[in-house]
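In order, the protein sequences belong to chains G and W.
In this text, residue positions in the first sequence follow my numbering: the first is 1, and each later residue adds one.
In this text, residue positions in the second sequence follow my numbering: the first is 68, and each later residue adds one.
Glycine is no exception: its CB is placed at the ideal position from the N, C-alpha and C atoms.
The model shown is predicted, which means the values in this text are computed figures rather than measured ones.
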Amino acid sequence: MKTVEVLVKPDGSVKVTYNGFVGEACFEEAKKVYERLKSYGVDVKIESVERTAEAYVTQKQKVVNRV
Amino acid sequence: MSHISLIKIALKNPNMHLLKYAVEALAKELGGEVVTQIRDYYGNRTKVELGIKSRLYSRGVGIVVKKGQVKLKGDFWGYNYGKAEQLQKALTKNYTAVATVSSLRNLGYKVQTQKVKQNIYIKAYAY
Chain G
1 MKTVEVLVKP DGSVKVTYNG FVGEACFEEA KKVYERLKSY GVDVKIESVE RTAEAYVTQK
61 QKVVNRV
Chain W
68 MSHISLIKIA LKNPNMHLLK YAVEALAKEL GGEVVTQIRD YYGNRTKVEL GIKSRLYSRG
128 VGIVVKKGQV KLKGDFWGYN YGKAEQLQKA LTKNYTAVAT VSSLRNLGYK VQTQKVKQNI
188 YIKAYAY
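Okay, here's the thing in structure tokens:
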């Protein structure tokens, strides 16, 4: 299951967490989300990106782990 | 891959339908109401397309979009400067949340929102 968690803070900054994506898919999804936001007039400026441990699991590794 | 991003938000050319929704949510949060008329200290009335009136902003504050920017319109005499800035930030926060929910739903996610202290928490999931 893919999840996107968003915390909108009072100072206008936003923390977004992407989980459950394989490989670079989370960045592709993030791009889609930010493009939609831009179409609604929300201008997004990325201040930092932190890869989670899941980031380093590839599709091949996931299949091996299941077996 | 999964990741965490910290992003800064600025509003430009907002969607008026979503802005109205965000203003309604903010008015409710402040224990007030959406209005289409504000007044100055002397009681003179001015029509606005969208406005908020509450105990904190008793004369009403208009929300206008000028050259793509969201601005507040009202007689702030007697309010300290912080109040206007506070309202601007709250509006940005609410609009960002509404736009984010709409964006995620359009991408096929199921979305839930929750207020956590002064923050808005949005959880979206898809299979």
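Asked: According to DSSP, residues forming a beta bridge with R112/W; Found: R106/W
Asked: The segment 167-184 of chain W touching the segment 150-158 of chain W, judged by at least three CB pairs closer than 8 Å; Found: no
Asked: Closer than 8 Å to chain G by CB, Y146/W; Found: no
Asked: Span of the alpha helix (DSSP H), counted from its first residue to its last, around E91/W; Found: M83 to E96
Asked: Any chain W beta carbon closer than 8 Å to K32/G; Found: yes
Asked: When K2/G, E29/G and T17/G are compared against V49/G, the one with the closest alpha-carbon; Found: T17/G
Asked: A30/G Cβ short of 7 Å to the ligand NAD heavy atom set; Found: Because no ligand of any kind appears in the structure shown, any question about the ligand NAD cannot be addressed here.
Asked: Reduced DSSP secondary structure (H/G/I, E/B, other) of L174/W; Found: coil
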